[in-house]
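My numbering puts the first residue of the sequence shown at 111, with every later residue one more than the last.
Cβ atoms here follow ideal geometry from the backbone N, Cα and C, with glycine treated the same way.
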Amino acid sequence: MEPPLKKRLLLVLGAILIQSIYTPTSLLLTGGIEPKSPFDVFPLWIIWVIPYALCYPLWAAALLWLIWKMDESMFRKTITGLFFACSLGISIFILFPTYVIQPELTGNDILTNLLRSIQVAGGDHDALPSAHIYATILLALFYIDWHPRFKWLWLFIVVVVSLSTLFTGQHYIADVLAGYLTGWLGYRFGLWWNTMDFKRYKPAHT
């Protein structure tokens with residue numbers, strides 16, 4: 111493996127390790143705030159567990175693609191934004207605990223069992239901001255910059271993922287909106303950091 115590729119892989123793994131703090135905090139934290147509003151009237155619609163679960167292979171594919179295919183400038187923007195969004199999200203989870211009252215599941219069909227396993231593995235804390243949302247929207251924004259012709263595909267993915275978090279009872283509207291903001295801040299930070307990095311290392315004119 112060439113050194114630049116190895117470095118990219120290590121950086122992505124570093125961001126994943128930060129985000130992995132989500133699981134123990136969601137499982138172990140107690141108390142906090144339930145960010146539910148009067149507008150949270152979404153019924154449980156079990157079919158939406160499919161796009162919710164498909165986020166995981168989507169993220170994996172997107173990260174592998176940026177490791178192997180993104181040019182250096184785009185990679186720096188994306189990985190910096192990813193570190194920022196994941197760090198911000200985890201910090202909020204720890205400092206301002208939030209939880210969601212998950213819907214009671216009945217039945218033993220494959221989709222219900224899938225959602226049940228997600229509930230058990232993911233816990234009921236770390237609700238706001240939605241990690242599903244901020245990870246998806248951050249990748250969407252950078253991939254739109256990289257390949258603008260796929261803009262509508264990525265916007266469609268963001269809408270579907272957003273609805274999946276609501277119709278599976280995994281998140282409230284406030285969680286989704288906070289996820290949008292967290293992902294957008296990560297995107298803007300990545301752009302800013304890349305600009306500062308370029309100025310820092312720009313050769314001086316002689």
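Distance, Cα to Cα, residue i vs residue j?
i: Leu-238; j: Ala-284; result: 7 Å
i: Leu-119; j: Ile-128; result: 14 Å
i: Phe-194; j: Ala-171; result: 20 Å
i: Pro-145; j: Pro-114; result: 43 Å
i: Phe-152; j: Gln-280; result: 11 Å
i: Asn-304; j: Leu-265; result: 24 Å
i: Arg-186; j: Trp-262; result: 24 Å
i: Asp-255; j: Ala-288; result: 22 Å
i: Leu-121; j: Ser-147; result: 38 Å
i: Ala-163; j: Ile-157; result: 11 Å
i: Asn-392; j: Ser-130; result: Outside the modelled stretch of the chain, which goes from 111 to 316, sits residue 392, for which no answer is possible.
i: Asp-219; j: Ser-227; result: 12 Å
i: Pro-258; j: Gly-124; result: 28 Å
i: Leu-301; j: Asp-236; result: 27 Å
i: Val-286; j: Ser-201; result: 17 Å
i: Lys-117; j: Thr-292; result: 26 Å
i: Tyr-290; j: Met-184; result: 21 Å
i: Ala-297; j: Phe-260; result: According to the sequence provided, residue 297 is Tyr. The question's Ala does not apply to it. The alpha-carbon atoms of Tyr-297 and Phe-260 are separated by roughly 18 Å.
i: Ala-250; j: Met-306; result: 23 Å
i: Leu-221; j: Leu-215; result: 11 Å
Rounded to whole angstroms, how far is the Cβ of residue i from the Cβ of residue j, which I believe are closer than 8 Å?
i: Tyr-282; j: Asp-181; result: Not confirmed; about 38 Å, so no contact.
i: Ser-274; j: Pro-161; result: 4 Å
i: Leu-225; j: Val-268; result: That pair is no contact at about 21 Å.
Using a threshold of 9 Å, state whether the C-beta atoms of residue i and residue j are closer than that.
i: Leu-165; j: Thr-246; result: Per the sequence presented here, residue 165 reads as Cys, with Leu not at that position. Taking 9 Å as the Cβ cut-off, Cys-165 and Thr-246 qualify as a contacting pair.
i: Ile-204; j: Thr-135; result: yes
i: Val-58; j: Ile-243; result: The structure shown has nothing for residue 58, since the chain only spans 111 to 316.
i: Phe-299; j: Gly-199; result: no
i: Ile-189; j: Leu-176; result: yes
i: Leu-248; j: Trp-294; result: yes
i: Leu-154; j: Phe-277; result: yes
i: Pro-207; j: Gly-142; result: yes
i: Leu-174; j: Ile-126; result: no
Tell me the DSSP bridge mates of residue i?
i: His-235; result: Tyr-209
i: Ile-156; result: None; Ile-156 has no bridge partner.
i: Ile-143; result: Thr-208
Meets three-Cβ-pair contact criterion under 8 Å: the segment 136-143 and the segment 225-234
A contact exists between the segment 136-143 and the segment 225-234.
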